[in-house]
Amino acid sequence: MRTKITVALTGLNNTDNPGPGVPVIRGIRESDIFEPRILGLAYENLEPGIYMDGVVDKTYQVPYPSEGSDILVNRILEIHKKDPIDVLIPNFDAELYAFMRSEKLLEEAGISTFLPTLEQFEERHKSNLPDFGKKYDLEVPFSKTISRIDEIEKLKEEFEYPLMVKGKFYDAYLAYNEEQVRMHFNKISAKWGVPVIIQEFIKGTEVNVVALGDGEGNTIGAVPMRKQYITDKGKAWSGITLDDQKMLDLTYRIIRAMKWRGGMELELVKSHKNELYIIEINPRIPAWVYLAVGAGQNMPEALVKLALGMEVKPFEDYQVGTMFIRYSYDLITNVKEFEKLSTLGEL
Amino acid sequence: MMHIKSNIALSNTGFVFNPTTGDSYTINQVGQEILGYLGEKKSLEEITSLMTSTYDIDPPSFEKYYFDFISMLRQFELLDEEYEN
């Protein structure tokens, strides 16, 4: 008999820049031990996951973290009062801070989470990557942060073009000259604020690992992947699982050293000399996590188990050569549905 | 002695999959035969003799195409690192 649980999560934006919500839900729904009721938490009322069949059982609108951490957390607690939540899975970098800070408060209210600590979150931050590399003796590209446009001119003293211009949470652009850096700086700072990260460009193949750490230094699961088709937003539209022990060993090493707690995505570049550079460490499950589920590691289910304090044995294997291919699909709904969510804040 | 990396998957349809890089390729019948011989750890002399007796090609021409093919396999990281000319 499966255990009934209610899981609330964000990231229902299954768009061309997808959030991890829908694949996480698919993993949890495939669980043999849980019978989940899924509460979708939506920031925007056109997030496709709200309207897709068999994905969420109920959706609640929530305020953006930029409106204030307390406002967001209070809204979660308000939802919890009328629709009790067992496990909360935040799926965006930008909202993690609010939930990590309120982990105790949520726990006291009966909502379980399994998140990295504030220290872990800060340590792996894009802007702290050089120090992170030094501390753990890992290969990372040289990078620095800039907050003013007049700092761009001096970049040529420390960087060779092309270089990467990155937002503190999202967005990354390749720039071949100062003018392009200025353009990307303006675009990114308007969207995500400052600082903006300038990073050395490493030539090679982009590869990724989705992983789950138990907070004690153990890796519960890890699946390496190579993007086979990349959209103009840099997102994987297709990918394939790899048999790469070097990538796995690097993942184990990072999780062991940091005692990483929760989901993680490693973004790596494999240079032509087969060296692995860490480009980013994302502090949550990525949108392509369903590939890991398909390859035999149901990490969303394992994350729920960890959040509930259940014993979780590390996955031992996964199917190499498992592929995913995204697709777009026109979903038909009635304006009444949209109206309900827009006016009542729930659907 | 040269050989294909042990983890490379080669199907009888000519589909080659490198699980370390995720790359896949298709090769024609002749390429499949050569990969088969490499898998059996046959020497260049043996492969040349087998191929020139099957196909209408002289040994110097075959070896030229053979080494082109081998350098392509190397470039695609399909050959074992112990590969020697």
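Chain order of the listed sequences is E and P.
Here the first sequence is numbered in our numbering, starting from 392 and rising by one per residue.
Here the second sequence is numbered in our numbering, starting from 21 and rising by one per residue.
For every residue, glycine included, the Cβ atom is placed at its ideal position computed from N, Cα and C.
Cβ-based neighbour list, M714 of chain E, same chain, cut-off 6 Å, excluding 5 preceding and 5 following: I631
Alpha-carbon to alpha-carbon, A566 of chain E and R652 of chain E: Rounded to whole angstroms, R652 of chain E to A566 of chain E spans 34 Å at the Cα level.
Opening and closing residue of the alpha helix (DSSP H) in which W583 of chain E lies: Residues 569-583.
Proximity winner among E:A648, E:G584, E:G625, E:T450, relative to A485 of chain E (alpha-carbon distances): E:G584
Residues of the segment 551-565 of chain E with Cβ closer than 9 Å to any Cβ of chain P, in chain order: none
Beta carbon proximity, P39 of chain P to chain E, threshold 8 Å: Yes, P39 of chain P counts as interfacial toward chain E.
CB contact below 8 Å: N32 of chain P versus chain E: Not closer than 8 Å to any Cβ of chain E, the Cβ of N32 of chain P fails to qualify, so no.
Check: A399 of chain E C-beta below 7 Å from any heavy atom of the ligand NAP: Of the ligands one can find in the structure shown there are none, so the ligand NAP has no counterpart to examine.
Limits of the beta strand (DSSP E) - the one that D605 of chain E falls within: Taken as a continuous stretch (DSSP letters only), the beta strand (DSSP E) holding D605 of chain E covers 596-605.
Rounded C-alpha distance that separates V684 of chain E from I502 of chain E: If you draw a straight line from the Cα of V684 of chain E to the Cα of I502 of chain E, it is about 25 Å long.
Closest residue to H23 of chain P among P:G34, P:G56, P:T40 (Cα-Cα distance): The shortest C-alpha separation from H23 of chain P is found at P:G56.
Within chain P, the residues that L633 of chain E reaches when beta carbons sit closer than 8 Å: P39, T40, T41, G42
CB contact below 8 Å: G687 of chain E versus chain P: no
Where the beta strand (DSSP E) containing N673 of chain E begins and where it ends: 667-673
8 Å Cβ shell around R393 of chain E - same chain, five flanking residues per side excluded: S422, D423, I424, F425, E426
Complete runs of the alpha helix (DSSP H) confined to the segment 480-520 of chain E [at least 4 residues]: Counting only runs of 4 or more, we get 484-492, 494-500, 509-514.
With 16 other Cβ atoms within 10 Å as the buried cut-off, status of R94 of chain P: exposed
Three-way DSSP call (helix, strand, coil) for R417 of chain E in this model: helix
Candidates E:F576, E:Y561, E:L468, E:P615: closest to I543 of chain E by CA position: E:F576
G736 of chain E, DSSP secondary structure in three states: coil
Residue from E:G440, E:R428, E:K395 with nearest C-alpha to D721 of chain E: E:G440
Exposure of V598 of chain E, with buried meaning 16 or more beta-carbon neighbours within 10 Å: Its Cβ being crowded by 16 or more others within 10 Å, V598 of chain E is buried.
Proximal residues to E671 of chain E (C-beta, below 7 Å), its chain only, five neighbours per side dropped: K517, E658
Check whether V680 of chain E and V415 of chain E have beta carbons under 8 Å apart: yes
Helix, strand or coil at K626 of chain E [DSSP, three-state]: coil
Closer than 7 Å at the beta carbon, the chain E residues around N27 of chain P: For N27 of chain P, the chain E residues whose C-beta falls within less than 7 Å of its own C-beta are D634, listed in chain order.
Through-space distance from L64 of chain P to E104 of chain P, alpha-carbon basis: With a pLDDT of 46 at E104 of chain P, under the threshold of 50, the predicted position of this residue should be treated as unreliable, though the coordinate-derived value follows. In this model, E104 of chain P and L64 of chain P are separated by some 12 Å (Cα to Cα).
Inter-stretch contact at 8 Å, needing at least 3 Cβ pairs: the segment 437-452 of chain E / the segment 723-737 of chain E: yes
Spatial neighbours of T610 of chain E in its chain, beta-carbon cut-off 8 Å, leaving aside the 5 residues before and after: Excluding residues within five positions, the ones whose Cβ falls inside 8 Å are A602, L603, G604, T642, Y643, I646, R647, P705.
Closest Cα partner of G34 of chain P within the set P:T41, P:F96, P:N48: P:N48
Reference F550 of chain E, options E:R539, E:N519, E:K535, closest by Cα: Looking at the Cα atoms, E:K535 is the closest of the given residues.
Spatial distance of D407 of chain E from Y561 of chain E (CA atoms): The alpha-carbon atoms of D407 of chain E and Y561 of chain E are separated by roughly 14 Å.
Spatially closest choice to V711 of chain E from E:F512, E:M616, E:A693, E:L487, by CA coordinates: E:M616
Simplified DSSP assignment, three categories, for I429 of chain E: strand
Sequence-distant residues of the same chain with beta carbon closer than 6 Å to L639 of chain E, five excluded per side: A613
Inter-residue Cα distance where the pair is T401 of chain E and N465 of chain E: 15 Å
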